[in-house]
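**Student:** Residue numbers (our numbering): 7 to 353.
Would you mind keeping the following structure in view while I ask a few things?
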Amino acid sequence: MRIGDAKQSYEADEAIWTSQTQKLWLGFFLLILLVFPFLVDSYLLYLGCLVGIAVISTTGLNILTGFTGLISLGQAGFMGVGAYTVAWLSINTALPFPVTLVLAGLMAAAVGILVGLPSLRVKGLYLAIATLAASVFLHFIFAEWESVTGGMGGLSLEPAHLFGLTFQSDFMMYFIIVPLAVLMVLAARNVFRTRIGRAFIAIRDRDISAEILGINLLRYKLMSFALSSFYAGIAGGLFAYFYRVVTPESFPLSMSIFYLAAVIVGGMGNLLGGILGAAFMTLVPEALKLLTAALTPFYPNAPVFMSPMLEIIFGALIVGFLIFEPHGLAEIWHRIRRFFRLWPFRN
């Protein structure tokens with residue numbers, strides 16, 4: 007068979023082959039997630055929980071920024087709304103934690119709608135500044151509304167309880183955080199198979215053309231803000247149950263930059279990119295800590311020198327990926343897959 011015929015045959019079977027292999031890879035990945043907590047130590051289990059929370063929040067921001075084209079620097083503030091909602095409800099009510107999580111997401115979504123109101127008039131840098139201002143305002147509320155948030159001292163809450171089980175350890179929390187992360191990524195994937203998801207993408211590509219086609223810009227932009235903030239609220243609620251303490255310092259501006267960096271590094275407008283970006287950006291600080299610990303015996307001032315490096319690294323990663331690989335880690339992954347699929351036909 008000639009190479010050209012082989013390529014045509016390959017392309018004809020590619021859709022079926024891809025569908026089958028995707029199912030196999032998904033099953034293999036879910037199996038790894040299932041056995042992971044039984045095979046690793048407490049530190050890696052802790053990192054796994056952090057990655058799960060980051061995946062949920064990054065997926066929400068990716069819906070807003072990557073798929074709808076609306077830049078936001080308020081993700082930390084929305085997570086804070088979710089975390090404080092969960093903390094207050096767990097202290098003052100007897101609601102089970104699934105209910106408090108849903109209410110945390112809804113509360114964050116309501117705040118997200120209010121923050122998203124200027125999106126009809128402004129976009130780009132101006133919208134980023136507006137969401138940044140909202141994040142600063144929310145941080146002020148967290149610090150000053152002492153009767154609800156506990157002020158700078160924050161709130162402490164009991165572990166999550168369900169069906170007589172107490173989710174106190176990282177091992178137990180893993181079986182809440184990771185399944186929720188998987189479900190919420192799959193839910194986001196299904197959103198973009200609907201009219202709503204296609205409207206988001208149309209607004210991102212050309213909002214004027216989308217409006218001409220009959221898409222209500224304000225409605226769908228606010229819907230995108232609400233959905234993104236809902237994801238952030240769920241992530242914030244899980245954050246509260248994971249650490250069992252919530253303070254204003256738990257959600258600094260740098261956290262919003264962290265999630266924006268995760269979206270850019272992973273790949274905007276790509277759900278796989280959100281997963282890869284969240285995992286990569288969560289592991290970068292840990293790698294930096296390990297490097298600092300390794301350098302300290304030889305260079306005692308290493309902690310002082312390395313402490314400001316995290317922000318520098320985040321900035322360098324954002325700039326580097328925007329210049330050299332604007333489609334992020336997801337595109338690198340797809341390029342590797344294409345290379346190994348087509349390697350017999352490269353010549």
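The C-beta atom is built at its ideal place from N, Cα and C for all residues, glycine as well.
The structure displayed is predicted, hence computed values, not measured ones.
Taking the alpha carbon of Val128 as the point to measure from, which residue in Val41, Ile77, Phe264 and Ser235 has its own alpha carbon closest?
**Tutor:** Position 122 of the sequence shown, counted from the first residue, corresponds to residue 128. Among Val41, Ile77, Phe264 and Ser235, the Cα nearest to that of Val128 belongs to Ile77.
**Student:** Using the three-state DSSP reduction, which class does Val92 fall into: helix, strand or coil?
**Tutor:** Here residue 92 corresponds to residue number 86 of the sequence shown, with the count starting at 1. The answer is helix: DSSP assigns Val92 an H, G or I state.
**Student:** Could you give the distance in angstroms between the alpha-carbon of His145 and the alpha-carbon of Gly83?
**Tutor:** In the sequence shown, the residue the question calls residue 145 occupies position 139. In the sequence shown, the residue the question calls residue 83 occupies position 77. If you take the alpha carbons of His145 and Gly83, they lie about 7 angstroms apart.
**Student:** Short check: CB of Phe236 to CB of Gly66, under 8 angstroms?
**Tutor:** As a working note, residue 236 is residue 230 in the sequence shown. As a working note, residue 66 is residue 60 in the sequence shown. The answer is yes: Cβ separation under 8 angstroms.
**Student:** So, with DSSP's three-state summary, where would you put Ala267?
**Tutor:** Mapped onto the sequence shown, residue 267 falls at position 261. Ala267: helix per DSSP, three-state reduction.
**Student:** Using alpha carbons as the reference points, say which of Gly334, Gly239 and Thr288 lies closest to Gly272.
**Tutor:** Here residue 272 is taken as the residue at index 266 of the sequence shown, counted from 1. Among Gly334, Gly239 and Thr288, the Cα nearest to that of Gly272 is on Gly334.
**Student:** Where does the unbroken beta strand (DSSP E) through Leu138 begin, and where does it stop?
**Tutor:** Mapped onto the sequence shown, residue 138 falls at position 132. Careful: Leu138 lies outside any beta strand (DSSP E), inside the alpha helix (DSSP H) at Leu131 to Glu150.
**Student:** Which of helix, strand or coil does DSSP assign to Ala166?
**Tutor:** Here residue 166 is taken as the residue at index 160 of the sequence shown, counted from 1. Three-state DSSP puts Ala166 in a strand.
**Student:** Once DSSP output is grouped into helix, strand and coil, what is the label at Ile202?
**Tutor:** The residue you call residue 202 lines up with position 196 of the sequence shown. In this structure, Ile202 counts as helix in the three-state DSSP scheme.
**Student:** Which word fits Asn98, buried or exposed, when buried means at least 16 other C-beta atoms lie within 10 angstroms of its C-beta?
**Tutor:** The count along the sequence shown starts at 1 and reaches residue 98 at position 92. Asn98 should be labelled exposed.
**Student:** I'd like to check one pair, Ala238 with Gly88: are the Cβ atoms closer than 8 angstroms?
**Tutor:** Translated into positions along the sequence shown, residue 88 becomes position 82. Translated into positions along the sequence shown, residue 238 becomes position 232. Yes, these two residues count as a Cβ contact at 8 angstroms.
**Student:** Decide if Arg343 is buried, meaning its Cβ has at least 16 other Cβ atoms within 10 Å, or exposed.
**Tutor:** Your numbering for residue 343 matches position 337 in the sequence shown. That one is exposed.
**Student:** Label Phe173 either buried or exposed according to how many other C-beta atoms from any shown protein chain fall within 10 Å of its C-beta, with 16 as the threshold for buried.
**Tutor:** Locating residue 173 in the sequence shown gives position 167, where the first residue counts as 1. So Phe173 ends up on the buried side.
**Student:** Taking only three categories from DSSP, how would you classify Phe173?
**Tutor:** By 1-based counting over the sequence shown, the position of residue 173 is 167. Strand, per DSSP.
**Student:** Mind listing, in chain order, the continuous alpha helix (DSSP H) runs of no fewer than 4 residues lying wholly within the region 293-334?
**Tutor:** If we require 4 residues or more, the alpha helix (DSSP H) runs fully inside the region 293-334 come out as 308-312 and 315-330.
**Student:** For Ala21, does the three-state DSSP call read helix, strand or coil?
**Tutor:** Walking along the sequence shown from the start, residue 21 turns up at place 15. Any reading at Ala21 must be qualified, since the residue scores a pLDDT of 45, below 50, and its modelled position is unreliable; the value itself is stated next. Looking at Ala21 - three-state DSSP - the assignment turns out to be helix.
**Student:** Skipping 5 residues on each side, what residues in its chain have a beta carbon closer than 7 angstroms to that of Pro309?
**Tutor:** Here residue 309 refers to the residue found at position 303 when the sequence shown is read from its first residue. These residues qualify, in order along the chain: Thr298 and Thr302.
**Student:** At what residues does the alpha helix (DSSP H) containing Glu217 begin and finish?
**Tutor:** Here the question's residue 217 lines up with position 211 in the sequence shown. Asp213 to Ile218 is the span of the alpha helix (DSSP H), which, as asked, contains Glu217.
**Student:** Nearest-angstrom Cα distance between Met158 and Pro254?
**Tutor:** To locate residue 158, count along the sequence shown from 1; it is residue 152. To locate residue 254, count along the sequence shown from 1; it is residue 248. Distance between the alpha carbons of Met158 and Pro254 is about 6 angstroms.
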